[in-house]
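A short worksheet on the structure shown next.
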Amino acid sequence: MLIVIHGGAAKSATPHVPLKLAGVKLAARVGYRVLASGGTAVEAVEAAVRSLEDDPIMNCGYGSSLTSAGTVECDAIVMDGRTMKSGAVAGVERVPHPISLARAVMDSTDHCLMIGAGAERLAQEVGIELVDNQTLVHEFAQKRLNEFKTFQRTLIEDRPQTDDPSDHSHPTPGADNPVVKEHDTVGAVAVDREGNCAVATSTGGITGKRVGRVGDSPIIGAGGYADNTSGAVSTTGESLSLSLSLS
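So for the sequence shown, full-length UniProt numbering puts the first residue at 1; every next one is plus one.
See the structure below:
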C-alpha cells in the first residue's frame, strides 16, 4: 500500500512552509488510514484531498485562491486506475469538498466533467453539502488578492507608453507575479492492497483569475491520470505558461 501527497509546485512564503508540510503530512495519514483499514485507492485519495480542502493554507476548497471578483471557484478531478473511469468538476462555487463532487460525477453519472450550477445541482441530488461562497474565503486568500491587485495597478501605471505591438519591454500581469506563483494545486496518488491505483487533484486556480476561468486541473490526462498498467500521477504548476508555450 502506498499514498503520496503534494501541496503544489509553487513557491511558498517562508512562514507558510511549516503549515504546508503539516497539511500534507496530515493528509497522508488520513489517506493511509483508509488504505490500512481495507479501503480502495479511490477512497484513500478522496479522503486525503478532502483533508487538504479543509486546510486554508492549501489552494483548494476552503482557502482557495480568489477570482478578481473576490469569489471562490474550484476545479477537481478523480480517476480510478482499475476501471479507468474518471470524474471532474470545474467552476464550482458552493462546494467545500470539490473532490467528493468529482467522485460523484464518476460514480453517479455518465459524464466525465460537469461545471458550475449543473455540478452543484448534482451535489444536491447526491447529498453533498453546499455552502455560501463567502464561507470558503480565507484571510490568506484575501490578502493575496489584495496584493495581486496592487501588483496589477503598478504594472499598468509603470507600463511604457508605446504603439509598437512588438514592444515587450515590460512584463505582462502575472509574468513575474510572486502572489500567483506562491499558491498552487494539490493532489494525491495511492495504491491499495489489491494493487489498484487512483489519483485525485483539486485546485482553486490562480489569484485574480477572471470569473469562469478553468485551468488544466479538471482535464483528464492534464490534471491527473491513473491506469493500473502504467501508474498514477497528479500534476501541478503554471498551466497557463505551459499552454502558451505549446500554442
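Backbone N, C-alpha and C define an ideal beta-carbon position, used for all residues, glycine too.
(request) Indicate whether ALA44 and ALA76 have their beta-carbon atoms separated by less than 8 Å. (result) In the sequence shown, the residue the question calls residue 44 occupies position 44. In the sequence shown, the residue the question calls residue 76 occupies position 76. No.
(message) When you compare the segment 48-63 with the segment 22-37, are there three or more beta-carbon pairs, one atom per stretch, that lie closer than 8 Å?
(response) yes
(request) Taking 8 Å as the cut-off, decide whether the C-beta atoms of ARG144 and SER65 are in contact. (result) Residue mapping note: residue 144 aligns to position 144 of the sequence shown, counting from 1. Residue mapping note: residue 65 aligns to position 65 of the sequence shown, counting from 1. The answer is yes: Cβ separation under 8 Å.
(message) In the DSSP assignment, the alpha helix (DSSP H) including residue 248 goes from what residue to what residue?
(response) Any question about residue 248 goes unanswered here, given that the chain covers just 1 to 247.
(request) Please look up how many angstroms separate the CB atoms of CYS74 and VAL92, rounded, as I've assumed it's under 8 Å. (result) Residue mapping note: residue 74 aligns to position 74 of the sequence shown, counting from 1. Residue mapping note: residue 92 aligns to position 92 of the sequence shown, counting from 1. Yes, they are in contact, since the Cβ atoms of CYS74 and VAL92 sit about 5 Å apart, within 8 Å.
(request) Alpha carbon to alpha carbon, how far is LYS209 from GLY215? Give it in angstroms, no decimals. (result) Here residue 215 is taken as the residue at index 215 of the sequence shown, counted from 1. Here residue 209 is taken as the residue at index 209 of the sequence shown, counted from 1. Going by the C-alpha atoms only, they are around 10 Å apart.
(request) Quick one: using the 10 Å Cβ neighbour count with 16 as the cut-off for buried, is SER14 buried or exposed? (result) As a first step, residue 14 is located in the sequence shown; it is residue number 14 there, counting from the start. Ser is not the amino acid found at residue 14; the sequence shown has Thr there. That one is exposed.
(message) Which of the three DSSP states is assigned to PRO171 in this structure?
(response) By 1-based counting over the sequence shown, the position of residue 171 is 171. Its pLDDT being 43, under 50, PRO171 is placed unreliably in this model, and the coordinates cannot settle the point.
(request) On a CA-only basis, which of TYR32, TYR225, ILE99 is nearest LEU129? Give me that one, please. (result) Sequence index remark: in the sequence shown, residue 129 carries index 129 (1-based). Reading the sequence as shown, one finds Glu at residue 129 and not Leu. Minimum Cα distance to GLU129 is reached at ILE99.
(message) Quick check on DSSP: helix, strand or coil for THR229?
(response) By 1-based counting over the sequence shown, the position of residue 229 is 229. THR229: coil per DSSP, three-state reduction.
(message) Considering only the alpha carbon of each residue, which of ASN146, THR71, GLY187, PHE148 lies closest to ASP132?
(response) Along the sequence shown, one-based indexing puts residue 132 at 132. Out of ASN146, THR71, GLY187, PHE148, THR71 has the C-alpha closest to the C-alpha of ASP132.
(request) Report the residue from GLU147, THR67, ILE3 whose alpha carbon sits nearest the alpha carbon of THR40. (result) In the sequence shown, counting from the first residue as 1, residue 40 sits at position 40. Of the listed residues, the one whose Cα sits closest to THR40 is ILE3.
(message) I need the DSSP call for ASP55, collapsed to helix, strand or coil.
(response) What you label residue 55 is simply residue 55 of the sequence shown in a count that begins at 1. DSSP places ASP55 in coil when its eight states are reduced to three.
(request) Hey, could you find the ends of the beta strand (DSSP E) ALA198 is sitting in? (result) Within the sequence shown, numbered from 1, the residue matching residue 198 stands at position 198. 197-203 is the span of the beta strand (DSSP E), which, as asked, contains ALA198.
(message) For the alpha helix (DSSP H) containing ALA102, name the first residue and the last one.
(response) Counted from its first residue, the sequence shown places residue 102 at position 102. 98-108 is the extent of the alpha helix (DSSP H) around ALA102.
(message) So, under 8 Å CB-CB, ALA88 and VAL105 are touching, yes? Tell me the CB distance rounded to an integer number of Å.
(response) In the sequence shown, the residue the question calls residue 88 occupies position 88. In the sequence shown, the residue the question calls residue 105 occupies position 105. Right, the Cβ-Cβ distance comes to about 6 Å (below 8 Å), so this counts as a contact.
(request) Take GLN142 and list the residues in its own chain whose beta-carbon comes closer than 8 Å to its own, dropping the five residues that flank it on each side. (result) The residue labelled residue 142 in the question sits at position 142 within the sequence shown. Contacts found: LEU66, GLY70.
(request) Measure the C-alpha to C-alpha separation of ARG82 and GLY195 and round it to an integer number of angstroms. (result) Counted from its first residue, the sequence shown places residue 82 at position 82. Counted from its first residue, the sequence shown places residue 195 at position 195. Distance between the alpha carbons of ARG82 and GLY195 is about 9 Å.
(message) Let me check one thing: in DSSP terms, what residues is CYS74 bridge-paired to?
(response) As a working mapping, residue 74 is identified with position 74 in the sequence shown. DSSP output for CYS74 lists VAL92 as bridge partner(s).
(request) Please go through the same chain and pick out, in chain order, the residues whose beta-carbon is closer than 8 Å to the beta-carbon of GLU46, but skip the five residues on each side of it. (result) The residue given as residue 46 occupies position 46 in the sequence shown. Here the set comprises VAL78, ILE99, SER100, ARG103, ALA200.
(message) Please classify LEU246 as buried or exposed, where buried requires at least 16 neighbouring CB atoms within 10 angstroms.
(response) On the sequence shown, residue 246 is found 246 positions in, with the first residue counted as 1. Note that LEU246 scores a pLDDT of 43, beneath 50, so its modelled location is shaky; the value from the coordinates is reported in the next line. Exposed, by the Cβ-count rule.
(request) Leaving out five residues on either side along the sequence, give the residues of the same chain with a beta carbon under 6 Å from the beta carbon of residue 257. (result) What the structure shows of the chain is the stretch from 1 to 247, and residue 257 is not part of that stretch, so it cannot be assessed.
(message) Whole angstroms are fine: how far does the CA of THR154 sit from the CA of VAL191?
(response) Residue mapping note: residue 191 aligns to position 191 of the sequence shown, counting from 1. Residue mapping note: residue 154 aligns to position 154 of the sequence shown, counting from 1. About 47 Å.
(message) Please classify ARG94 as buried or exposed, where buried requires at least 16 other C-beta atoms within 10 Å of its C-beta.
(response) Reading the sequence shown from its first residue, position 94 is the one you call residue 94. Buried: at least 16 other Cβ atoms inside 10 Å.
(request) Can you give me the Cβ contacts of ARG213 inside the same chain, cut-off strictly under 7 Å, excluding the 5 residues immediately before and after it? (result) Stepping through the sequence shown from its first residue, residue 213 is reached at position 213. Within the same chain, ARG213 has close Cβ partners GLY205.
(message) Taking the alpha-carbon of VAL189 as reference, which of ALA28, GLY63, HIS16, SER12 has the nearest alpha-carbon?
(response) Position 189 of the sequence shown, counting from 1, holds the residue named residue 189. That would be ALA28, whose Cα lies nearest to the Cα of VAL189.
(message) For VAL211 and ALA232, I'd like the C-alpha separation in whole angstroms.
(response) The sequence position of residue 211 within the sequence shown is 211, counting from 1. The sequence position of residue 232 within the sequence shown is 232, counting from 1. Using only the alpha carbons, I get a separation of about 31 Å.
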